[in-house]
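These notes concern the structure reproduced below.
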Amino acid sequence: EMLERSPRREFLNSYSHQVLLRYPNMADQISARMTRLNTQWSALEQAIAPKHGRHDADTMLKDLECDLK
Numbered sequence: 004e005m006l007e008r009s010p011r012r013e014f015l016n017s018y019s020h021q022v023l024l025r026y027p028n029m030a031d032q033i034s035a036r037m038t039r040l041n042t043q044w045s046a047l048e049q050a051i052a053p054k055h056g057r058h059d060a061d062t063m064l065k066d067l068e069c070d071l072k
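Residue numbers 4 to 72, in my numbering, belong to the letters of the sequence shown in order.
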């Protein structure tokens with residue numbers, strides 16, 4: 004949930020829209036880069052928090068242990 008409301012992602016998408024309005028002749032390049040960025044972001048979200056809730060408990064505990072050190 005936190006990743007979905009990421010201010011950085013919202014900012015980048017908003018900024019890219021503003022750039023598109025200012026430079027319509029670069030729409031293909033801007034759209035391609037934003038599509039790639041959003042695809043990568045979605046992959047990152049999926050890796051961090053799978054939608055089907057399948058978390059490996061051992062991995063989660065190891066990560067938590069490392070974070071607490």
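Built from N, CA and C at the ideal position, the CB exists for glycine as well.
Quick caveat: nothing in here was measured; it's all calculated off a predicted structure.
Alpha carbon of residue i to alpha carbon of residue j, nearest angstrom
i: Q21; j: A60; result: 43 angstroms
i: M63; j: A46; result: 19 angstroms
i: L71; j: A50; result: 21 angstroms
i: N28; j: A52; result: 37 angstroms
Coarse secondary structure for residue i, derived from DSSP in three states
i: K65; result: helix
i: S17; result: helix
i: A30; result: helix
Proximity of residue i and residue j at Cβ, strictly below 8 angstroms
i: L23; j: A30; result: yes
i: I33; j: S19; result: yes
Residue from the options whose Cα sits closest to the Cα of residue i
i: E13; options: Y26, R25, W44, A35; result: W44
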